[in-house]
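Here's the structure, in structure tokens; my notes come after.
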Amino acid sequence: MTAPILRRLSELRALTAEWRSKGETIGVVPTMGALHRGHLSLVEAAKADTDRVIVTIFVNPKQFNNPEDLAKYPRTENEDAQKLAPFGVDAIYVPEPDEIYPQGFATTVSVAGLTNVMEGEFRPGHFDGVATVVAKLFLQTQADRAYFGEKDYQQLMIVRRMARDLDIPIEVIGCPTVREPSGLAMSSRNLLLSPEGLEVAANKNRIMRELVEALKDGAQFDPLAAQAETDLLAAGFTQVEYVQLRCAETLEPLTHASRPARLFAATWVDGVRLIDNIPV
Ligand code: PAF
4 MTAPILRRLS ELRALTAEWR SKGETIGVVP TMGALHRGHL SLVEAAKADT
54 DRVIVTIFVN PKQFNNPEDL AKYPRTENED AQKLAPFGVD AIYVPEPDEI
104 YPQGFATTVS VAGLTNVMEG EFRPGHFDGV ATVVAKLFLQ TQADRAYFGE
154 KDYQQLMIVR RMARDLDIPI EVIGCPTVRE PSGLAMSSRN LLLSPEGLEV
204 AANKNRIMRE LVEALKDGAQ FDPLAAQAET DLLAAGFTQV EYVQLRCAET
254 LEPLTHASRP ARLFAATWVD GVRLIDNIPV
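Residue numbering for the sequence shown is 4 to 283, as defined by this note's numbering.
Laid out in structure tokens, this is it:
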């Protein structure tokens with residue numbers, strides 16, 4: 004059965020008040036729609052952990068620094084509702100834009116430090132948009148737990164920091180990246196790739212894993228990053244924005260794998276920007 008689609012905060016509040024009155028716990032999976040198996044794995048984790056699960060779908064204009072990117076972002080609400088049906092989700096919250104950004108909306112949630120690097124550097128304002136909308140979704144759903152994919156690892160760290168700093172009583176849970184058999188990380192943006200673009204994209208995870216293997220042997224990162232950039236371009240990526248090794252806790256840059264780390268890469272193919280990261 005498809006879950007009820009709620010477009011108004013008052014409807015959402017009525018439902019969550021009823022659940023709360025019965026002592027039920029609530030999990031939320033925030034999304035921008037175009038759901039894929041990665042999102043569905045978050046829904047499964049939420050279902051296993053909490054009594055009630057809300058999936059939110061809102062293509063958040065404030066996190067797009069490029070209007071073209073916003074315009075072409077896939078919007079597939081009916082298919083999304085169908086995909087969620089087998090999971091027994093309790094509500095799909097698809098807020099009208101004025102429920103998130105009412106007339107005169109003047110507040111920005113901005114997390115310092117963690118947002119200056121990588122995605123923050125290449126997509127100015129992106130994380131302010133993310134932190135602002137996620138803070139609103141946390142407060143609107145009043146969920147006990149929220150589920151985010153590790154594919155957007157920097158986002159996960161920022162959202163966790165934001166919830167802690169603002170005393171929002173929610174546990175932010177990171178779930179492993181779900182991948183295609185080629186290793187390509189599941190992403191709504193993969194829908195925008197041509198068959199040739201998909202073939203190119205399939206090389207990324209392999210190249211990243213080769214780099215990680217070399218790091219495990221104690222190699223310095225810089226020459227390996229240069230080699231990985233060359234390999235990515237040779238595989239058909241049109242641009243490599245960054246290949247970086249950072250501490251998994253603080254996101255500080257590392258010169259070698261001296262402590263638990265993550266390898267991050269942002270690349271372009273077919274006019275589509277693809278990010279990925281893997282643990283080291
Ligand atoms: O990861 C996403 O899909 C979005 O950044 C999020 C967390 C739903 C906020 O709009």
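Where a beta carbon is used, it is the ideal one built from N, C-alpha and C, also for glycine.
Rounded straight-line distance, which links the Cα of residue j to that of residue i
| i | j | result |
| --- | --- | --- |
| G26 | P198 | 49 Å |
| V114 | M121 | 14 Å |
| E80 | A6 | 12 Å |
| D220 | V283 | 11 Å |
| P105 | D234 | 47 Å |
| E14 | K75 | 30 Å |
| R212 | I281 | 8 Å |
| F130 | V112 | 9 Å |
| D52 | R78 | 28 Å |
| R64 | V136 | First, the residue type needs correcting, since residue 64 is Pro and not Arg in the sequence shown. The straight-line gap from Cα to Cα measures roughly 10 Å. |
| G128 | N68 | 7 Å |
| L227 | E244 | 15 Å |
| A94 | E124 | 35 Å |
| V246 | A269 | 7 Å |
Simplified DSSP state of residue i, which is helix, strand or coil
| i | result |
| --- | --- |
| L196 | coil |
| T270 | strand |
| T19 | helix |
| L1 | Residue 1 cannot be examined here, being either before or after the span of the chain that is shown, 4 to 283. |
| N208 | helix |
| G41 | helix |
| V215 | helix |
Inter-residue CB distance, residue i and residue j (contact presumed, cutoff 8 Å)
| i | j | result |
| --- | --- | --- |
| L286 | A37 | Residue numbering for the chain in the displayed model covers 4 to 283; residue 286 lies beyond these limits and cannot be assessed. |
| A149 | V31 | 5 Å |
| F141 | I161 | Their Cβ separation, rounded to whole angstroms, is 13 Å, which puts F141 and I161 out of contact at 8 Å. |
| D273 | N208 | Not confirmed; about 17 Å, so no contact. |
| M4 | A88 | 6 Å |
| T28 | D147 | 5 Å |
| L257 | L214 | No, L257 and L214 are not in contact; Cβ-Cβ is about 13 Å, not under 8 Å. |
heavy atom of the ligand COA below 7 Å from residue i C-beta
| i | result |
| --- | --- |
| F108 | With respect to the ligand COA, the structure shown offers nothing to examine, as its ligands consist of the ligand PAF. |
*For the ligand PAF, list every residue whose C-beta falls under 6 Å from any of its heavy atoms, going in chain order.*
P33, T34, M35, N63, Q66, V133, V136, V137, D155, Q158
*Whole beta strand (DSSP E) runs in the region 57 to 133 with 3 or more residues, listed along the chain?*
94 to 96
*Could you tell me which uninterrupted alpha helix (DSSP H) segments, each at least 4 residues in length, are contained entirely in the region 221 to 268, listed from first to last along the chain?*
With a minimum length of 4 residues, the continuous alpha helix (DSSP H) runs that stay inside the region 221 to 268 are 224 to 238.
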